[in-house]
Amino acid sequence: MGTLDNRHALITGGGTGIGAAIARALAKEGAAVSLAGRRKAPLDDVAARLPKATAIVADVTKDSDCAAMAATARAANGPIDIVIANAGAAASAPVAKLDVAHWHNMIDVNLTGAFLTVKAALADVTRKSEGPRRIIFIASTAGLKGYP
Ligand SMILES: NC(=O)c1ccc[n+]([C@@H]2O[C@H](COP(=O)([O-])OP(=O)(O)OC[C@H]3O[C@@H](n4cnc5c(N)ncnc54)[C@H](OP(=O)(O)O)[C@@H]3O)[C@@H](O)[C@H]2O)c1
Numbered sequence: 014m015g016t017l018d019n020r021h022a023l024i025t026g027g028g029t030g031i032g033a034a035i036a037r038a039l040a041k042e043g044a045a046v047s048l049a050g051r052r053k054a055p056l057d058d059v060a061a062r063l064p065k066a067t068a069i070v071a072d073v074t075k076d077s078d079c080a081a082m083a084a085t086a087r088a089a090n091g092p093i094d095i096v097i098a099n100a101g102a103a104a105s106a107p108v109a110k111l112d113v114a115h116w117h118n119m120i121d122v123n124l125t126g127a128f129l130t131v132k133a134a135l136a137d138v139t140r141k142s143e144g145p146r147r148i149i150f151i152a153s154t155a156g157l158k159g160y161p
C-alpha cells in the first residue's frame, strides 16, 4: 500500500531531471503518472521503468497542446489529482545582451507554460473527490532574486 494508491499525477518536464525524479517518487507511493515534454524519447525511457506511466508529447507554451495533454492523461489514467508544472528553462544572459526573442522564450515556458498546464488540469484537480489533490509549481530562486 502506498500513500498515493489510485491517485494520478501529471508532471510536465517529466522526462528529465527534477520532473523524472518526482515521477519516480510519486510512482513509488503508488500513483499513476503522466509525463509530458516535447521530446518523446526521454519520456518513454522514464515511463518504461515505472509500473503505471504514460508518456505524452506536448509543448506547454501552446494552449492546444496543454488541453490535449490533459485529455490524453485523463484517458490513460483517469482524472488528474496532482498537477506539477515543472517544465522550465533557465537560459540566461546579461540584460544588455539579451534579445527579445530569448526574453519571450523564457516567459513562454516558465510563466505561460505553468499557467496553461494548470488551466488544462484545473477542473480535475478541483473536483469533489476523496484523497490528496494538489497543484504544485516548480520554480527557481532566479524568480525571487537577480543573479549577475
Ligand atoms: N536544476 C536546478 O538546480 C533547478 C533549480 C531551481 C529550479 N529548477 C526548476 O526545476 C524545473 C526542472 O528543471 P531541471 O533542473 O530538472 O531541468 P531539465 O532537466 O532541463 O528539465 C526541464 C524539462 O522541461 C521540459 N520542457 C522544457 N521546455 C518545455 C516545453 N516548452 N514544453 C514541455 N516541456 C518542456 C524539458 O523536456 P523537453 O526538452 O523534452 O521539452 C525537460 O524535461 C525547471 O522549472 C527549473 O527552472 C531547477
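Take 14 as the starting number for the sequence shown in this note's numbering and just add one per residue.
The beta carbon of each residue, even a glycine, is placed where N, CA and C say it ideally should be.
Predicted model, so just to flag it, every value in this text is computed and none were measured.
Got a sec, what are the start and stop residues for the alpha helix (DSSP H) A71 sits in? Where A71 is concerned, there is no enclosing alpha helix (DSSP H), given that its DSSP letter is neither H nor E.
Excluding five sequence neighbours on each side, which residues of the same chain lie with their C-beta closer than 8 Å to the C-beta of H115? A104, A106
What ranges does the beta strand (DSSP E) occupy inside the region 67-127, keeping only unbroken runs of at least 3 residues that lie completely in it? 95-98
8 Å Cβ cutoff met for L39 and L23: no
In or out: M14 buried (at least 16 other Cβ within 10 Å) or exposed? exposed
If you pair each beta-carbon of the region 112-129 with each one of the region 87-97, do three or more pairs fall below 8 Å? Short answer: they don't touch.
Could you say if the region 50-66 and the region 133-152 meet the contact criterion of at least three C-beta pairs nearer than 8 Å? Fewer than three pairs of CB atoms, one per stretch, sit closer than 8 Å, so the region 50-66 makes no contact with the region 133-152.
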